[in-house]
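A.B. asks: In the order they appear, the protein sequences are chains A and B. All you need for this note's numbering is the position in the first sequence, starting with 1, plus 7. All you need for this note's numbering is the position in the second sequence, starting with 1, plus 8. Ideal Cβ positions, reconstructed from N, Cα and C, are used throughout, including at glycine. Have a look at this one.
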Amino acid sequence: MIVASSASIGGIFSYLTTAANWSGPSGFLHRLLQHVGYSGVTLLIAACISVPLGLLTGHTRRGGNLLTIAGNASRALPTLGLLTIFAVTIGVGIDAAIIPLLLLAVPAILVNTDVGVRNVNPTSVDAAYAVGMTPLQVLWHVEIPMALPLIVLGLRTAALQVVSTATIAAYVGLGGLGRYIIDGQGSGNFAELGAGAVAVASFAIVTDLTFRLAQTLVVSPGLRARTSTA
Amino acid sequence: MLLLTQTFTFTYHKVSDWQWVLNHMSLFWSLSITHLYLALTSVAIGFVIALPLGALAVRAPRTYTGVLSITTVLYSLPSLAVFAFLVGVTGLTDTTVILPLAVYALAILVRSVADGLTGVPDDVRTAATAMGYRPLRQLWSVELPAAMPVIIAGLRVATVASISLVTVGSLIGIGGLGQLFIAGENSDFITEILAGIVIVAALGVLCDGLLTFGGYLLAPWARRS
Chain A
8 MIVASSASIG
18 GIFSYLTTAA
28 NWSGPSGFLH
38 RLLQHVGYSG
48 VTLLIAACIS
58 VPLGLLTGHT
68 RRGGNLLTIA
78 GNASRALPTL
88 GLLTIFAVTI
98 GVGIDAAIIP
108 LLLLAVPAIL
118 VNTDVGVRNV
128 NPTSVDAAYA
138 VGMTPLQVLW
148 HVEIPMALPL
158 IVLGLRTAAL
168 QVVSTATIAA
178 YVGLGGLGRY
188 IIDGQGSGNF
198 AELGAGAVAV
208 ASFAIVTDLT
218 FRLAQTLVVS
228 PGLRARTSTA
Chain B
9 MLLLTQTFTF
19 TYHKVSDWQW
29 VLNHMSLFWS
39 LSITHLYLAL
49 TSVAIGFVIA
59 LPLGALAVRA
69 PRTYTGVLSI
79 TTVLYSLPSL
89 AVFAFLVGVT
99 GLTDTTVILP
109 LAVYALAILV
119 RSVADGLTGV
129 PDDVRTAATA
139 MGYRPLRQLW
149 SVELPAAMPV
159 IIAGLRVATV
169 ASISLVTVGS
179 LIGIGGLGQL
189 FIAGENSDFI
199 TEILAGIVIV
209 AALGVLCDGL
219 LTFGGYLLAP
229 WARRS
């Protein structure tokens with residue numbers, strides 16, 4: 008067993024360090040760009056839908072319970088099931104893959120945006136109204152800056168989920184780094200399989216670190232002394 | 009007209025083939041058992057490790073930050089990547105699925121245990137100490153029960169996530185109900201995929217409900233909130 012594992016890790020290493028595996032349409036660079044592309048587009052669409060909606064429900068303090076239920080329900084749904092059912096009904100490819108990805112990303116951003124705005128200290132909101140701000144000004148100058156770390160946390164959760172699921176989407180024909188895992192599994196090439204795993208894991212860690220950095224950077228200067236983000 | 013009827017019967021057959029569902033009840037049953045075994049074993053292992061780690065974390069905040077940063081990184085790793093990597097180490101065994109899922113559960117549960125224990129009011133601790141509880145016994149009979157609602161909340165999240173994630177294991181050839189997705193995708197058979205989604209979601213909801221009910225029984229004082 009130990010011999011087998013050290014041999015396979017050696018295989019992964021040599022797969023990763025072979026120059027030919029980095030270039031061309033099935034090389035790491037191209038697959039990485041594909042993966043970034045799918046994830047970025049999905050996250051952008053999801054953010055355009057969920058951030059305004061979450062700001063609305065958080066600001067008006069309506070619909071929060073419904074969002075929580077929807078958020079919990081979306082966690083119970085198996086991603087692979089959603090991917091395969093859309094692949095069978097719509098057809099294999101990016102159109103079929105992006106819907107399940109959105110279904111995962113939207114609740115994560117929506118719930119965090121809603122909670123972030125809803126939980127802004129009511130004293131600050133009242134003070135803002137008292138100095139004569141309009142509801143839109145309160146949203147823009149008080150609620151959004153104070154909720155921003157949580158909104159970015161929602162984006163981070165969604166980004167990780169999308170990156171992870173885009174990997175699985177290779178099974179229904181999507182490109183990206185998941186291809187190595189699916190193709191390696193299909194052909195019994197464990198070096199390719201493991202190399203894909205290392206590539207996907209590295210990409211996920213970089214994504215997580217980027218968003219974590221963003222989380223600390225978006226804390227408004229006025230709040231920096233008092234709050235700390237986890 | 010004839011064409012219309014044909015299309016209709018064709019789609020009907022594809023989307024909800026009840027006869028097929030009825031004929032495969034025993035398959036669903038055995039896949040569900042395997043599925044629950046993989047998912048719940050993972051959560052149980054994660055929980056058993058999370059309890060001492062979380063308890064330690066409250067007493068040593070610096071260790072906690074260290075533990076948390078490791079589990080957060082592990083938590084961010086895509087499940088398929090970890091499964092695929094482990095195939096080379098542990099082979100096509102249950103361990104390949106259980107080990108990563110246990111780590112995911114651990115990442116969620118360490119946080120809940122630590123948060124729950126931190127939330128125990130100081131008065132309660134002081135009272136327990138005054139009554140003569142030794143630290144370990146105090147942790148077990150006073151602090152952990154008081155932290156129960158928060159821990160149960162973490163267990164619910166970890167269990168539902170774990171049940172959903174076991175399906176990914178079928179991509180590398182291990183697992184329970186995820187096999188319905190693979191088989192359904194290969195034969196373009198929607199009923200099979202739908203059945204899988206419904207059963208996985210139902211198992212998630214069922215376990216979530218059982219844990220909520222368990223929490224209701226174990227922490228009667230928290231019922232009002």
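Quick one: residues in its chain with C-beta nearer than 8 angstroms to the C-beta of S227/A, no 5 flanking neighbours on either side, listed in chain order?
C.D. replies: Counting from one through the first sequence, the residue named residue 227/A turns up at place 220. Here the set comprises P152, M153, L155.
A.B. asks: Counting Cβ pairs, one atom from each stretch, are 3 or more of them under 8 angstroms apart for the segment 120-127 of chain B and the segment 51-68 of chain B?
C.D. replies: yes
A.B. asks: What are the residues of the segment 72-91 of chain B that lie near chain A, defined by any Cβ-Cβ distance shorter than 9 angstroms?
C.D. replies: Going along the segment 72-91 of chain B in chain order, one finds L76, T80, V81, Y83, S84, L85, P86, S87, L88, A89, V90, F91 with a Cβ nearer than 9 angstroms to chain A.
A.B. asks: Between the C-alpha atoms of L230/A and V149/A, what's the straight-line distance to the nearest angstrom?
C.D. replies: Residue mapping note: residue 230/A aligns to position 223 of the first sequence, counting from 1. Residue mapping note: residue 149/A aligns to position 142 of the first sequence, counting from 1. So the two alpha carbons sit approximately 11 angstroms from each other.
A.B. asks: Among P85/A, T217/A, A166/A, whose alpha-carbon lies nearest the alpha-carbon of S46/A?
C.D. replies: Mapped onto the first sequence, residue 46/A falls at position 39. Checking every option, the nearest Cα to that of S46/A belongs to A166/A.
A.B. asks: Taking Cβ positions only, does L160/B come closer than 7 angstroms to chain A?
C.D. replies: As a working mapping, residue 160/B is identified with position 152 in the second sequence. As written in the sequence, residue 160/B is Ile, which differs from the Leu given in the question. Output row for I160/B: interface = no.
A.B. asks: Just the Cα atoms here: how many angstroms apart are A110/B and T126/B?
C.D. replies: Here residue 110/B refers to the residue found at position 102 of the second sequence. Here residue 126/B refers to the residue found at position 118 of the second sequence. Spanning the two alpha carbons is a distance of roughly 23 angstroms.
A.B. asks: With 7 angstroms set as the bound, which would you pick, yes or no: does the beta-carbon of P107/A sit closer than that to a beta-carbon of chain B?
C.D. replies: Start at 1 with the first residue of the first sequence, and residue 107/A comes out as number 100. It does not: the Cβ of P107/A has no partner Cβ on chain B nearer than 7 angstroms.
A.B. asks: Quick check on this structure: which residue in A176/A, V205/A, G71/A, L90/A has the alpha carbon closest to the alpha carbon of I19/A?
C.D. replies: By 1-based counting over the first sequence, the position of residue 19/A is 12. The option with the nearest alpha carbon to I19/A is V205/A.
A.B. asks: Just mark D215/A as buried or exposed, buried being the case when its beta carbon has 16 or more other beta carbons within 10 Å.
C.D. replies: The residue you call residue 215/A lines up with position 208 of the first sequence. So D215/A ends up on the buried side.
A.B. asks: What does A169/B reach in chain A if we use C-beta pairs closer than 7 angstroms?
C.D. replies: Stepping through the second sequence from its first residue, residue 169/B is reached at position 161. At a beta-carbon threshold of 7 angstroms, the residues of chain A lying near A169/B are R82, ordered along the chain.
A.B. asks: Can you find a CB in chain B that lies within less than 7 angstroms of the CB of A176/A?
C.D. replies: Taking the first residue of the first sequence as position 1, residue 176/A is located at position 169. False, the Cβ-Cβ gap to chain B never drops below 7 angstroms.
A.B. asks: How far does the alpha helix (DSSP H) with T164/A in it reach, from first residue to last?
C.D. replies: Taking the first residue of the first sequence as 1, we reach residue 164/A at position 157. Where T164/A is concerned, the enclosing alpha helix (DSSP H) stretches over 151-175.
A.B. asks: If I measure Cβ to Cβ from T98/B and keep anything under 8 angstroms in the same chain, skipping five residues before and after, which residues do I get?
C.D. replies: The count along the second sequence starts at 1 and reaches residue 98/B at position 90. Taken in chain order, the residues that qualify are T104, L107.
A.B. asks: Pick from V58/A, A80/A, V124/A, V225/A: whose alpha carbon is nearest that of A210/B?
C.D. replies: Reading the second sequence from its first residue, position 202 is the one you call residue 210/B. It is A80/A whose Cα lies nearest to the Cα of A210/B.
A.B. asks: In chain B, what lies closer than 7 angstroms to S171/A by C-beta?
C.D. replies: Counting from 1 along the first sequence, the entry for residue 171/A is found at position 164. Neighbours of S171/A on chain B, chain order: P86, S87.
A.B. asks: Tell me, please, whether the CB atom of I57/B is closer than 7 angstroms to any CB atom in chain A?
C.D. replies: Position 49 of the second sequence, counted from the start, is the residue given in the question as residue 57/B. It does not: the Cβ of I57/B has no partner Cβ on chain A nearer than 7 angstroms.
A.B. asks: Do I190/B and S178/B have their beta-carbon atoms positioned less than 7 angstroms apart in this structure?
C.D. replies: Within the second sequence, the letter at position 170 stands for residue 178/B. Within the second sequence, the letter at position 182 stands for residue 190/B. Yes, Cβ-Cβ distance for S178/B and I190/B is below 7 angstroms.
A.B. asks: Please confirm whether A53/A and I106/A have their CB atoms less than 7 angstroms apart.
C.D. replies: The sequence position of residue 53/A within the first sequence is 46, counting from 1. The sequence position of residue 106/A within the first sequence is 99, counting from 1. The criterion of a C-beta distance shorter than 7 angstroms is not satisfied by A53/A and I106/A.
A.B. asks: I'd like the list of long-range same chain contacts for M182/A, defined as Cβ closer than 7 angstroms, with 5 residues on each side in sequence excluded.
C.D. replies: Translated into the one-based positions of the first sequence, residue 182/A becomes position 175. Checking the sequence shown, residue 182/A turns out to be Gly, not Met. Taken in chain order, the residues that qualify are R38, Q41.
A.B. asks: Just list the alpha helix (DSSP H) runs in the segment 124-153 of chain A, keeping only unbroken ones of 4 residues or longer that don't cross its boundaries, in chain order.
C.D. replies: Fully enclosed alpha helix (DSSP H) runs of 4 or longer: 129-137, 142-145.
A.B. asks: Would you say Q41/A faces chain B, with C-beta separation under 7 angstroms as the test?
C.D. replies: Translated into the one-based positions of the first sequence, residue 41/A becomes position 34. No, Q41/A lies away from the interface with chain B (no Cβ there is under 7 angstroms from its Cβ).
A.B. asks: Using alpha carbons as the reference points, say which of E193/B, L188/B, A227/B, F36/B lies closest to G98/A.
C.D. replies: By 1-based counting over the first sequence, the position of residue 98/A is 91. Looking only at E193/B, L188/B, A227/B, F36/B, the smallest Cα-Cα distance to G98/A is reached by E193/B.
A.B. asks: Taking Cβ positions only, does D215/A come closer than 7 angstroms to chain B?
C.D. replies: Reading the first sequence from its first residue, position 208 is the one you call residue 215/A. Chain B contact via Cβ: present.
A.B. asks: Given a threshold of 16 other Cβ atoms within 10 Å of its Cβ, counted over all protein chains shown, does A173/A qualify as buried or as exposed?
C.D. replies: In the first sequence, residue 173/A corresponds to position 166, counting from 1. Counting the other Cβ atoms within 10 Å of the Cβ of A173/A gives 16 or more, which makes it buried.
A.B. asks: Contact between the segment 145-159 of chain B and the segment 78-90 of chain B: three or more CB pairs below 8 angstroms?
C.D. replies: Touching, no.
A.B. asks: In the segment 168-188 of chain B, which residues sit with their C-beta less than 9 angstroms from some C-beta in chain A, listed in chain order?
C.D. replies: Listed by position along the chain: V168, A169, I171, S172, L173, V174, T175, V176, S178, L179, I180, G181, L185, G186, L188.
A.B. asks: Mind pulling the alpha helix (DSSP H) runs of 4 or more residues that sit fully within the segment 105-143 of chain B?
C.D. replies: As far as the segment 105-143 of chain B is concerned, its whole alpha helix (DSSP H) runs of at least 4 residues are 130-138.
A.B. asks: Considering Cα atoms alone, identify which of G31/A, V118/A, V170/A is closest to R69/A.
C.D. replies: If you number the first sequence from 1, residue 69/A lands on position 62. Closest option to R69/A, Cα to Cα, is V118/A.
A.B. asks: Chain A partners of A209/B, CB-CB under 9 angstroms?
C.D. replies: Residue mapping note: residue 209/B aligns to position 201 of the second sequence, counting from 1. The answer, in chain order, is A80, A83, L84, P85, G88.
A.B. asks: First and last residue of the alpha helix (DSSP H) that includes W28/B?
C.D. replies: In the second sequence, residue 28/B corresponds to position 20, counting from 1. Segment 26-31, the alpha helix (DSSP H) holding W28/B.
A.B. asks: Which same chain residues, not among the five before or five after S57/A, have their C-beta less than 6 angstroms away from its C-beta?
C.D. replies: The residue you call residue 57/A lines up with position 50 of the first sequence. If we look at S57/A and ignore the five residues flanking it on each side, its Cβ neighbours are V113, I116, L117.
A.B. asks: Any beta carbon from chain B within less than 7 angstroms of F93/A's own beta carbon?
C.D. replies: Residue 93/A sits at position 86 when you count from the first residue of the first sequence. Closer than 7 angstroms: no.
A.B. asks: Measure the C-alpha to C-alpha separation of L62/A and T49/A and round it to an integer number of angstroms.
C.D. replies: Looking up residue 62/A in the first sequence gives position 55. Looking up residue 49/A in the first sequence gives position 42. Going from the Cα of L62/A to the Cα of T49/A covers about 20 angstroms.
A.B. asks: Can the beta-carbon of A113/B be found less than 7 angstroms from the beta-carbon of S170/B?
C.D. replies: Numbered from its first residue, the second sequence carries residue 113/B at position 105. Numbered from its first residue, the second sequence carries residue 170/B at position 162. Yes; because the gap between Cβ atoms is below 7 angstroms, this pair is in contact.
A.B. asks: Quick one: grab the DSSP three-state call for P114/A.
C.D. replies: In the first sequence, the residue the question calls residue 114/A occupies position 107. In this structure, P114/A counts as helix in the three-state DSSP scheme.
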